[in-house]
Structures are given as C-alpha cells and as structure tokens.
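Written below as structure tokens is the structure these notes are about.
There are 6 protein chains.
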Amino acid sequence: MSAKPVSRFPVPDLKSLPEDVRARILSVQEKSGFVPNVFLALAHRPDEFRAFFAYHDALMDKPGGLSKAEREMIVVATSGANDCQYCVVAHGAILRIRAKNPLIADQVAVNYRKADLSPRERAMLDFAMKVALDSGAIGDADYEALKAQGFTQDEAWDIAAIAAFFALSNRLANASSMRPNDEFYLMGRVPRA
Amino acid sequence: MSAKPVSRFPVPDLKSLPEDVRARILSVQEKSGFVPNVFLALAHRPDEFRAFFAYHDALMDKPGGLSKAEREMIVVATSGANDCQYCVVAHGAILRIRAKNPLIADQVAVNYRKADLSPRERAMLDFAMKVALDSGAIGDADYEALKAQGFTQDEAWDIAAIAAFFALSNRLANASSMRPNDEFYLMGRVPRA
Amino acid sequence: MSAKPVSRFPVPDLKSLPEDVRARILSVQEKSGFVPNVFLALAHRPDEFRAFFAYHDALMDKPGGLSKAEREMIVVATSGANDCQYCVVAHGAILRIRAKNPLIADQVAVNYRKADLSPRERAMLDFAMKVALDSGAIGDADYEALKAQGFTQDEAWDIAAIAAFFALSNRLANASSMRPNDEFYLMGRVPRA
Amino acid sequence: MSAKPVSRFPVPDLKSLPEDVRARILSVQEKSGFVPNVFLALAHRPDEFRAFFAYHDALMDKPGGLSKAEREMIVVATSGANDCQYCVVAHGAILRIRAKNPLIADQVAVNYRKADLSPRERAMLDFAMKVALDSGAIGDADYEALKAQGFTQDEAWDIAAIAAFFALSNRLANASSMRPNDEFYLMGRVPRA
Amino acid sequence: MSAKPVSRFPVPDLKSLPEDVRARILSVQEKSGFVPNVFLALAHRPDEFRAFFAYHDALMDKPGGLSKAEREMIVVATSGANDCQYCVVAHGAILRIRAKNPLIADQVAVNYRKADLSPRERAMLDFAMKVALDSGAIGDADYEALKAQGFTQDEAWDIAAIAAFFALSNRLANASSMRPNDEFYLMGRVPRA
Amino acid sequence: MSAKPVSRFPVPDLKSLPEDVRARILSVQEKSGFVPNVFLALAHRPDEFRAFFAYHDALMDKPGGLSKAEREMIVVATSGANDCQYCVVAHGAILRIRAKNPLIADQVAVNYRKADLSPRERAMLDFAMKVALDSGAIGDADYEALKAQGFTQDEAWDIAAIAAFFALSNRLANASSMRPNDEFYLMGRVPRA
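Chains as they are written, first to last, in my numbering: chain A, 2 to 194; chain B, 2 to 194; chain C, 2 to 194; chain D, 2 to 194; chain E, 2 to 194; chain F, 2 to 194.
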C-alpha cells in the first residue's frame, strides 16, 4: 500500500551499512518476514542504532521479572500518551501476539483505565504512566502501590526503565515521522487456523 | 470472548423497550449483524436514546457536504483526544470501511498529524480538534484556515457540530464505561475476497 | 443595547422556518418574553434543532431525580470551565431563578469550590466537572463519592448526561460565537416586589 | 443574606485596628456605603494591608495612561482565569460602573475573546492574560502586538503590573476564601433613573 | 561580564530618583556591596517601588513565625515553577546564605520534592506550590496538612502571602526581562574561610 | 556533606561489578576526581549501564556537528523542563565548563528564553523543548526554523536525539531519586587562577 517515506531522515541502503547493523536487520527480517521501519530509520547512525537496540533488548528480552506481554502493555500505554504512531502500531501488534489477545492493544492505547486488565496490570500501568508523564512527582506512595500488587523492587525498576526507554523512542519516532509498516496493523488480530 | 458488562448502568431487555426503540435496535442488528453496544447502553433512557440517535443521524447521515469518511475521521480524531475507547474502536471500524483504508483509523486515533491525510483533511481535523479541546479560543483565523482549503461555511458548521456531538458521546461512554463490541476491532481490516 | 450578531452562522427568518421549529420558538417567546438566541442560532439546521431541544428537554425537564436548580448548577459550573459565554449567562439567569438565589450563579461560574453549596451539591459538581474535563479518568471512586452523598445510580446518570450534553452545547456556542441575549444578565438578580 | 464568614483567617474589630487602617476602612465605607470585604480580610496584618492598598492605588488610581475601565477589564479577565470569586465579583461591579456597561464584566470574566471589545482592548487583554498565565514566555512579539494597537511602553508596564498585582490578590483571596460582599453582585447592572 | 540590560523598561539615574527611593537603594548597596537589579528595574515607578518593598519587607522581615530560610525556600520553589530567572537566581543566593547550605537552592528550584527537606519543609512547599499554581482549588485538606506539621494558622497565612507576593514579583520580572546581577550566582556557594 | 543515598535502588560494590563496568567507573573517577552518581545508580543493571553510556557517548562525544556546549545546553534546558535534579545539577556543571560561562547553566535551567543566547542557540532550544514536551506536534515548520538558523538536517537529528535521550535519562533519575554529587554544584563557577 505505501511507498510512503519511512522517515524524514535518510534511510541508507542495506549494502552501505556496517556488517553488524546489516546482520541485525537481516536477522529480524528472517524472523518477522519484513524489516520493521525502526531498524531502517535508525540505521543512518550506526552507533546510536547499536546502543538503541542493545538497550531495547536489555529491557524487553531480559529473562525473569515482568512477562513479555506486561512489558508490551507498558510500551503501548505510554506510547499512546505520547501520541507516537509508530510505537502504538508496531508494539500494539507485538502485544496482541504476546498476550494472545486481539483486543488488548487498542484498549490500552486509547485508555488503559477502561481496558480488560487485572488489578496488578492496572497498578503497573498507573506507575508507568506517571513515569511517562510526570516523573518529577514520583514518590514513596507510588512504590508502595506497586508493592501492594506484589511487584518486587527489581520489577519496579523494569517498569520505570521501559517507560523511560520508550519516552526516548517515542520522541525519536515523532521527530523523524517514523512510519509504521503496513504489516503491523493486522498482526495478532486474526486467530491462526 | 467477552461476557464483560456493556455499561456500568442498567441494560434493559429488548422486550421491555418502547416499540420505536426496539425497532431501531432490531434494524441496526439486521444491517450490521450485531447490536452495537451504544444502542443497549442508552436504551434505559428512551427519550435520551431517541434524541441521541436523531442528532447522530442529522449530522452523520445528512446528504451533501462532508464525505462519510471525512465525518468519521472527525469522530475518531476527537474521540482519541478524549480517551474514549468505545468511540475510537467503533467509529474506527466505520472509518476503515467508509474510507476503504485499513490503516487510516489507527493513524488518526493516535496522532492525526502523522496520518496519511490530504491538506484538506488535515485542516478539517485541526479545526475539529480545537472544537474538541479549546473551543473558547476559536476565532476568525480558524475559519479562514478552513476556507483556504475550500470548505464552505456550511461545512465548517458540520465539522464543529460533529466534534461537539462526540464531545457529548465520548463523555457518556467514558462515564458509563461503555464497552465496544468485539466485532468492531477487526472490521474493515481485511480486504473482502 | 445590541444589534450585535447572534451567531457567525446564518440566522433564518422566522417565516422561513418549518412549522414545528417556528412553533417552538414562538412558544418560548410567549413564555419568556423574548427568544433566547440559542433558538435562533440553531434554526438554520432544523433537524439538529429538533434533536438538540429534544435532548435538552429529556435531561432538564425530566420529572423526579435532581432538582431543577441542581441541574442548572451543573450547566453553569461546566460551562464556566469551558469558557462558554452564552451558557454561563443564559443558564446563570435560569439558575438564579430556579434556586431563588441572586448570588449563586456568579459564584458557581467562577469557582464552584468557593460557592455557597451543601456537601451534596459540592459532590455533584465535583463529579460533573470530572465528566466535563477528564471523563476518561472516571472510575469507581467517583461513583462512590456520589453514593456517599445519597445520590442514586439514576441520578449519577443525570449528572453525567447533563455535563455531557453541555459539553456539546458549549462547543457549539463557542464555535458559532453565539451571543447571549441582553435580557439574561439581569434576570433573577432583583427580588420581585 | 449572608452571615457567611468573610475569610478563613481572623477578621479584627474595627476598634482594635491601627488608626490609619481604620481611617482607610471608614473612608471606603463612607464612599461606597459598605466595607468591601478585602479591607476586613487583610486588616489582621496592618503592614501588609498598607502595602497592598498602596500598591493597588499606585496602579489603579495613577493619573493618565490606561482608562479606569481598561484597568478593571484587566482585573476581571485575569481574575476569571485564576478562578478568583472575590475579584471577579467585586471588580466586575467596578468595571460595569467605570465602563457604564452592564454586560461587559460577565463577558470578560467568562471569555474575553467573545466579549464586546475593540481591537485595542483585545490586544490589551491578550497581553494581560499571558502575564497572568505564562509570563515566562513573554517576548518581543508580545510587546510589538501592543505597540501595533497604539499602546506606549509605559502603558505596557501598566498592563503587566496590574495583571501581576492581581496574580497576588487572586491568590490571597483564594487561599483565604475571601467572600465578596452581596452588594457587589447587582452594582452597575441597573441603570440609575 | 555583563553590560546586558537590567530590564526592557527604563532604568533611571540614581540622581533623578526621589530621595527615599535613592536612600533605599544606597542602603542596600552598602549592605550587599552591589545594587540588586530589582531595585533599579522598579525605580522608574517610585510609588510602585515603595509599595513593592514595603510589602516585601512586611512578609520577609516580619519577626517571628517562619524562619528566614523557610521564607526563601518558598520564594525559590514558586519562582522555579513560574520560570522566573531573576527570582530563582537572586533568592537562591539568599536561601543558600540563610540556610547556610550551598546545595539547597538548586535542589528546591529544580524539584523541591527531591530536595533535602524535613517533612515540615515539604508540607510548607506543597502548600506554597498550590497557592502558586492552583490557588482556586485550595481547601480544608490543605490547611489540615499544614496543621499536622505544626504550622499555626498565622504561619499558614505567611506561606500563602509569600507565595502570592512572588506570583506578582515573578510576573513583573518575567514581563520586564529583569536580569539577575552576576554577583548572585556564586553567593553562598563557597564557605567563607 | 551528604551520606544521603545515591538512589532508591541498590548500589553495588565496585568489586562485585563486571570488569568493563568497573573499568568505566574507575576511568571516570580518574578523569573527574569523583564518580558521578549516575554511574553508581545504573551499575546494578550492567546491560542497561552499557547501553546507556554507549548511547550517551554516541550522542555527546560524536565528532563534528553541534559544539559540546550546545549539546549540554540541550540537556540542561530539557532536564529543567522535566524537573530532573540530577541532570540539571550534573550537566549544569558540564555546561559551565564547556561554555566557559559560569552563568549560563542556571539561566538555561530556569528559563532558556531569558538566557544569554544567540538566535541560533535559541532556535536550537525551541526545537529541543518541543521534542521534550510535545513531540507529537513536531512538523515541517519546526525543521524550517532550524534550517533558517543554519542547522543541517544532520544537526537537527542531533538536537532531537539528545533531547530524546535525556527524556529517558530524566525519567530514570526522577524515578530512582538519583542524587547529584555535591561536587557538581560548584564546578565551573569560579574562574581558575
């Protein structure tokens, strides 16, 4: 559908990229069947590309702690609050898949307080949204609310760090007019036969 | 998937409803294949039900002026700004169908400034969002911006009136925790064979 | 005093109006001694006129539930928050009359938290203002606060629906620069001999 | 009508006050026919009382420059924006009298952009509102807009200083729940025979 | 370093000033070693100058009640919230000296919730910030929170009045682009031998 | 002065850290004479530590493009807007040193619009602040304003990326109550003999 630009900044040829950057992109392509545009949009800055995905992986693929679906909920809720089209659409797709729930991403993106959430998930997103929108006001009461829902201090860091990382990601995507791939919109919506 | 409540207010039996209200609901069901929850959530107040849908039809089905897709864009953009899950999900489905575009609703709901819009559509949504979010500041310059994109004064009223009507609708849906039907989420996303 | 325009949109001649619209206007004129400008400003759109006043009457003239003065308090408080000159001035007049209190409208319009209100009225307006200004955040605690002041669930709907309807009305009035009639400013301020 | 408290802070007996404070109060009473509550509410702090009214008089009674009605418009518009009941009601009365216009105060208090203002008055209030609400963003363009309407640099200071003084006054009145005298509500609304 | 202008408004010659204004300025110069620019920036309006400093002294030099350091904390916190460069820099210097703490001013200016404060100081600044930023919402609970930390009603007035006075001062400084003297930046940072 | 905690999260012993993390910390200590607390506060998460500083170095130490002082201005201005004590205090110190200007950091932190900036620096910070505070609204006009001041597209990315990275950093520091080292407060304020 779209030959629309991926970004308002340059998108280099795969051939011109450093070997490790190209390898990462090819590996994602093999796994997903397409190259999510964030990989292309950041590739013109290889050092930033490497740091961005190293940080992303450290938070999103870290073993233990929050479930994969919980992490994606944080991304979708805070990206919605930051009006970030790329992150809502791309991570909405991942959330649907991780949560095996075709409805949850749209619910969380529009208004997480009206979404089908457990009290634990609700507390997690209350905290994440405060990190995203008013981090200077975070205090003891916010940590106690997490603890009351069974979150460890280590998981509290995870929530804060994911919300903080996507504060960065949302701003890069918004400033560069990063375009979500058409493929994301339908992913996880139709049960596989 | 959901036997989740349609609203935090009572939802009457179809049988107990006044004839005209029931007829409207059955007619919608026949046409859509299901009853959108807004019809059930408002039915406990038949006079308000009648006025609500009369107003809705006067604005959304009025011949001439804005296209059907343009009207739905206004609904989706302003409902996103008002964090209204019901209206974003339900009217997002209608927008996809009216615009024959499976991507446009998610784009407009998250950030209309990054959506695939013509300059005319962008001006229309700039005006609609000001009606939704800061109507007290509307002045001559806002009308001139519409005119510069070819909108008539009559169409300016349509834009304002649709944004104003969904200011009402969004608040009713939010206050009642009106739940979008599961059917809406996938409508208009998959091309019909 | 004013030959100032009633609206930035067309105001039709009474003679050119559909019979029912003209009849409604004449009936209001007979009862009030003048035609409130909202009737003239909406008349160029007869279907919207009919729906608007049907909705208005369903909420504001409904028997039982909130008192007439309470309903007008909701209108004045939320219209003040929305910077709507027409609604503050016109409904301020009606509130003074309904409440038999020449001071209450100005108090509620400027800052309802400083007005001469009972705890019940204060709770009612806290809820109405949240519907007006941040409806996406409404939750169980808001309904419990109403219940603690003796409001039924049915009355909670009334409060929400009135605040929601004037969210519409305020935006129409602001977008059209609807002018309050000079007559409203003094109504209900001077005790009748 | 009201034996409601003038302030949540102590209101001293006239007899217990320092001579100059009492004299000022008696002189106001003689001139107005009643003692505006701001005089009573500040009297428990004679030094602050003296400084407050000295500042007030320096700005509001200064010969030349802005007209008396223009100065009161600044007070009413910014006090409305600060939700200050005392100042809107009391200075609304004075504005009606100074401007010989029974409608202007309510218009300016609710939304000065919809009030019956000249372009000069509109520019004056645009500047005053920016001083009241976002003074850190004031820059050259704001001064140029004043100049374009014929305001001198000296008058620009007057506008800023009046908006700034009532930023103080509004906060004192709000924090102390200062109550406007009942007399103010009707003043200037009825033409004198 | 700077021959940068003190204000965008005229700064009169000392010689041209009324005797009492000049005397005040010379006395400050003798005590501080330089003339803080606020004295120069207000001198073109002698009546306002007199009222401003009379008010300032009544609040900041009043015997008893809040400590001098506490008063300066209120000034620095609220001036930071109002983006007022002059007041943060000048009163930051005074706070460092009064509190004999070289770190406290920068902490309070950026985010008082993260500063090294006692619970009493934190409650004081919570109240002061509400006066500065949302005075129309102040109510009983705010006074009770002060009382719980041992503040008297008289001290509550002090907090409110200081926050209110600097609401005025911040706006004057912002509107006039009042420049802090270079001397302030280093004062109180280096322990005296 | 402070044995105050560095963070509300665990701060590991240097000895327990992975070799590369410890080496980075020791190298910073050697260069600066102390270990900035951000290194200690992030060390409990070695993978995030590595990614954070790799990203930081890619943006802040990248050869060419923005000057070092310009980059630090972006950090200080946006960190002030995000109420981040650690980043304002620590990067304020670095800014003073890089710019060889003892005043600039406090000016930029409080209100960059009143700071001693060139038009180029002002445009750079206008853009950076929009990335920090309202990135969803960034559009062509924002890029054109940068271009008009001579910024290349590549430098526009730098500005956006630095503002975005510190959106992350500010949120981590706020959520963890990261404490700035006492050493930062005085750095760059006193000219070296």
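Glycine included, each C-beta is placed from N, C-alpha and C at the ideal position.
By how many angstroms is the C-alpha of residue j removed from the C-alpha of residue i?
i	j	result
residue 176(F)	residue 160(C)	38 angstroms
residue 173(F)	residue 59(F)	19 angstroms
residue 130(E)	residue 127(A)	24 angstroms
residue 100(F)	residue 64(F)	17 angstroms
residue 189(E)	residue 51(D)	33 angstroms
residue 77(C)	residue 192(B)	49 angstroms
residue 4(B)	residue 75(A)	26 angstroms
residue 2(F)	residue 86(C)	Annotation note: pLDDT 41 at residue 2(F) (below 50); position unreliable, coordinate value reported separately. Straight-line Cα distance between these residues: approximately 57 angstroms.
residue 31(A)	residue 37(A)	11 angstroms
residue 67(E)	residue 166(E)	16 angstroms
residue 55(A)	residue 49(F)	8 angstroms
residue 154(C)	residue 148(C)	8 angstroms
residue 115(B)	residue 138(F)	9 angstroms
residue 12(B)	residue 180(B)	12 angstroms
residue 7(D)	residue 62(C)	37 angstroms
With DSSP as the reference, label residue i as helix, strand or coil.
i	result
residue 81(D)	helix
residue 3(C)	Per-residue confidence for residue 3(C) stands at a pLDDT of 49, beneath the threshold of 50, marking its modelled position as unreliable; the derived number appears in the next sentence. In this structure, residue 3(C) counts as coil in the three-state DSSP scheme.
residue 136(F)	helix
residue 66(A)	coil
residue 14(D)	coil
residue 127(A)	helix
residue 117(C)	coil
residue 72(B)	helix
residue 100(A)	coil
residue 151(F)	coil
residue 51(E)	helix
residue 61(A)	helix
Check for me: the alpha helix (DSSP H) holding residue i runs from which residue to which?
i	result
residue 155(D)	154-176
residue 32(C)	20-33
residue 1(B)	Residue 1(B) lies beyond the residue range present for chain B, which begins at 2 and ends at 194; the question has no answer from this structure.
residue 186(E)	Taken as a continuous stretch (DSSP letters only), residue 186(E) belongs to no alpha helix (DSSP H), as it is neither H nor E.
Do residue j and residue i count as a contact pair if the criterion is CB distance below 9 angstroms?
i	j	result
residue 93(D)	residue 184(D)	no
residue 46(E)	residue 178(E)	no
residue 133(E)	residue 168(E)	yes
residue 89(E)	residue 106(E)	yes
residue 22(E)	residue 81(F)	no
residue 79(F)	residue 171(F)	yes
residue 27(F)	residue 15(F)	yes
residue 96(A)	residue 73(A)	yes
residue 103(E)	residue 150(E)	no
residue 39(A)	residue 124(A)	no
Hey, is residue i close to the ligand SAM, as in C-beta under 8 angstroms from one of its heavy atoms?
i	result
residue 70(C)	The ligand SAM is not part of the structure shown, which contains no ligands of any sort.
Between the region 15-36 of chain C and chain D, which residues of the former have CB atoms less than 7 angstroms from a CB of the latter, in chain order?
Cβ contacts with chain D: none found.
Short of 7 angstroms Cβ to Cβ, which residues in the region 116-132 of chain A face chain F?
Residues passing the 7 angstroms Cβ filter: 132.
If you measure beta-carbon to beta-carbon, which residues of the region 156-175 of chain F are closer than 7 angstroms to chain E?
The residues in question: there are none.
Just by C-beta distance, which residues in the region 40-51 of chain C are closer than 7 angstroms to chain E?
Answer in chain order: no residues at all.
Report the residues of the region 53-86 of chain A with a CB closer than 9 angstroms to any CB of chain F, ordered along the chain.
The region 53-86 of chain A vs chain F, Cβ under 9 angstroms: 53, 54, 55, 56, 57, 58, 59, 60, 63, 83, 84, 85 and 86.
Give, in chain order, every residue of the region 92-119 of chain D whose Cβ lies closer than 7 angstroms to some Cβ of chain F.
Taking 7 angstroms as the Cβ-Cβ cut-off against chain F, none of the residues of the region 92-119 of chain D qualify.
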